[in-house]
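Engineer: The letter at position 99 of the sequence shown is residue 111 when you use this note's numbering, and the numbering goes up by one with no holes.
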Amino acid sequence: MSVQNENEYEDLLGLWSDLESGLGIILSSPNSIQEFEQRVRQYDRWMQTLLQRDTDVGLYLLFQLATNSPVGYSASHALVCAVLCHLIAEELQLNQAERDSLIHAALTMNIAMTALQDELAGQADKPNAEQQIVIKTHAVKGGMVLANLQVTDPLWLDVVAHHHDDSDDRGELKSHAPTMRLTRILRTVDRYAAMISPRKSRSGRSSTDSIRSIINSAAHKDEVGLALVRAVGLCPPGTYVRLDNNELAVVIRRSSTANFPYVAIVITKAGELLPQPRLHRTADATPKIQAAMAASAVRARINHHLVLQLGAYVAQHP
């Protein structure tokens, strides 16, 4: 579903927001949800349906939601992780069963600390001793919470319980048992999504700083980080970039040329907001992307429906 006008933009943003809100409800009050496992599977299907309409628009809206406000952080973080895991699962050609367990784990991995996660996002101070205990034990407790909610998929439960265990970080992914393979994928995505999202104590990092931090910190060839770059690019749709002529743009679509996305130039080199964003194909001509920008560095109010109309044009005229 490409965005042709403001109404379509609002409708699609509303669908993603409704999905995020619904996820927030089941994560914050899991014991009040009947057939919890089926509800999570329902949200997974909803997410897939939205991505099938237009993956680039979905990424755009998600990154805008994730990087602009820490409100409802836990649900937003879970949804971003699930979408990225879905795209990596396609990139790595995981079988359907592993893909499903991975996405369901991504949606629920922090279920034992949902309230604390939201609290920490708005907290300027470092976690206190009591909060640190919850953080250290939330993975194992999360697996127990899900089991008590009658989740029957053992792989889903194992991945949640071990998603902070980094003992399996070496060796090729295909050589790992399923739990270790999926745990490694989820842990990488979890770190990346946390880095780009703002907290009260810090601004979110740029997408390139985040992925480079992950790849450079790996003591081996980071298959997951590289798969993430192949799936969404160094600068995914919805993130901001500075061009080498000092104009500022927002990425609107991935292109067939790796890491040369389509962008909409929104701010001039003089720092003025353009009333009508301007389409630019970075693979074809200058200016080129000089650097990714953290969302917090962009103070102007971007007219996103006009930006996404350019994306719709690209989809029709690749």
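Just so it is clear, CB atoms sit at the ideal spot from N, CA and C, and this is done for glycine as well.
These figures come from a predicted structure and were not determined experimentally.
Would you kindly work out how many angstroms separate the C-alpha atoms of Y85 and N17, rounded to a whole number?
Structural biologist: Numbered from 1 along the sequence shown, position 73 holds the residue referred to as residue 85. Numbered from 1 along the sequence shown, position 5 holds the residue referred to as residue 17. Cα-Cα distance, rounded: 29 Å.
Engineer: Kindly identify the DSSP beta-bridge partner or partners of I208.
Structural biologist: Locating residue 208 in the sequence shown gives position 196, where the first residue counts as 1. The partner list for I208 (beta bridge, DSSP) is empty, contrary to what the question assumes.
Engineer: I think V253 touches L71, with their Cβ atoms under 8 Å apart; what is that distance to the nearest whole Å?
Structural biologist: Taking the sequence shown and counting its residues from 1, the one referred to as residue 253 is at position 241. Taking the sequence shown and counting its residues from 1, the one referred to as residue 71 is at position 59. V253 to L71, Cβ: 15 Å. No contact.
Engineer: Use the C-beta contact count for T195: other C-beta atoms within 10 angstroms, 16 or more gives buried, fewer gives exposed.
Structural biologist: As a position in the sequence shown, residue 195 is number 183, starting the count at 1. T195 should be labelled buried.
Engineer: So what does V262 bridge to, in DSSP terms?
Structural biologist: Stepping through the sequence shown from its first residue, residue 262 is reached at position 250. Partner(s): Y252 and A276.
Engineer: Note down, one range per segment and in chain order, each alpha helix (DSSP H) of at least 4 residues found wholly within the region 113-181.
Structural biologist: Fully enclosed alpha helix (DSSP H) runs of 4 or longer: 126-133, 141-160 and 166-173.
Engineer: In whole angstroms, what is the alpha-carbon distance linking I314 and G250?
Structural biologist: Here residue 314 is taken as the residue at index 302 of the sequence shown, counted from 1. Here residue 250 is taken as the residue at index 238 of the sequence shown, counted from 1. Cα-Cα distance, rounded: 11 Å.
Engineer: Cα separation between S213 and Y204?
Structural biologist: Against the sequence shown, residue 213 aligns to sequence position 201. Against the sequence shown, residue 204 aligns to sequence position 192. Bear in mind that a pLDDT of 48 at S213, under 50, signals an unreliable position, so the number given afterwards is only what the model happens to contain. Straight-line Cα distance between these residues: approximately 17 Å.
Engineer: Across the region 144-154 and the region 121-129, are there enough close Cβ pairs to call them in contact, namely three or more that are closer than 8 Å?
Structural biologist: Counting Cβ pairs under 8 Å, three or more are found: they touch.
Engineer: What did DSSP end up calling L31 once you bin it into helix, strand or coil?
Structural biologist: Here residue 31 corresponds to residue number 19 of the sequence shown, with the count starting at 1. Here L31 sits in helix by DSSP.
Engineer: Look at Q288 and L255 and say whether their C-beta atoms are less than 7 Å apart.
Structural biologist: Counted from its first residue, the sequence shown places residue 288 at position 276. Counted from its first residue, the sequence shown places residue 255 at position 243. No, these two residues do not count as a Cβ contact at 7 Å.
Engineer: Please report the straight-line C-alpha distance between V163 and G34, rounded to a whole angstrom.
Structural biologist: By one-based count along the sequence shown, residue 163 stands at place 151. By one-based count along the sequence shown, residue 34 stands at place 22. So the alpha carbons of these two residues sit roughly 19 Å apart.
Engineer: Work out the CA separation of R111 and L183 for me, nearest whole Å.
Structural biologist: Sequence index remark: in the sequence shown, residue 183 carries index 171 (1-based). Sequence index remark: in the sequence shown, residue 111 carries index 99 (1-based). With the sequence shown as reference, residue 183 is identified as Gly, and Leu is not the correct amino acid for it. The straight-line gap from Cα to Cα measures roughly 20 Å.
Engineer: Please report the straight-line C-alpha distance between A109 and G134, rounded to a whole angstrom.
Structural biologist: On the sequence shown, residue 109 is found 97 positions in, with the first residue counted as 1. On the sequence shown, residue 134 is found 122 positions in, with the first residue counted as 1. Approximately 36 Å between the Cα atoms of the pair.
Engineer: For the beta strand (DSSP E) holding Q302, just list the boundary residues, first then last.
Structural biologist: The residue given as residue 302 occupies position 290 in the sequence shown. Here the beta strand (DSSP E) through Q302 covers I301 to M305.
Engineer: If V172 and A117 are in contact, beta carbons under 8 Å, what's the gap, nearest whole angstrom?
Structural biologist: One-based indexing of the sequence shown puts residue 172 at position 160. One-based indexing of the sequence shown puts residue 117 at position 105. Contact holds; Cβ gap of about 5 Å.
Engineer: In terms of alpha-carbon separation, which member of Q76, I37, L99 and V92 lies closest to Q64?
Structural biologist: Sequence index remark: in the sequence shown, residue 64 carries index 52 (1-based). Checking every option, the nearest Cα to that of Q64 belongs to L99.
Engineer: Return the bridge partner residues of H6 from the DSSP annotation.
Structural biologist: Here the chain has residues from 13 to 330 only, and residue 6 is not among them.
Engineer: Per DSSP, what are the beta-bridge partners of L332 in this structure?
Structural biologist: Within the shown structure, residues of the chain are numbered from 13 to 330, placing residue 332 beyond reach of any answer.
Engineer: Taking a contact to mean a Cβ-Cβ separation below 7 Å, would you say I37 touches R51 in this structure?
Structural biologist: For the purposes of this step, residue 37 is taken as residue 25 along the sequence shown, with counting starting at 1. For the purposes of this step, residue 51 is taken as residue 39 along the sequence shown, with counting starting at 1. No, the pair does not count as a contact, with Cβ atoms beyond the cut-off.
Engineer: Would you mind sorting E7 into buried or exposed? The rule is 16 or more other CB atoms within 10 Å of its CB.
Structural biologist: Summary: the structure shown does not reach residue 7, with the chain confined to residues 13 through 330, and so no result is reported for it.
Engineer: In terms of residue numbering, what span does the alpha helix (DSSP H) encompassing H89 cover?
Structural biologist: For the purposes of this step, residue 89 is taken as residue 77 along the sequence shown, with counting starting at 1. Segment Y85 to E103, the alpha helix (DSSP H) holding H89.
Engineer: Whose C-beta lies closer than 8 Å to the C-beta of E235 among residues of the same chain, with five residues either side of it excluded?
Structural biologist: Working through the sequence shown from its first residue, we reach residue 235 at position 223. Cβ within range, chain order: L104, E184 and L185.
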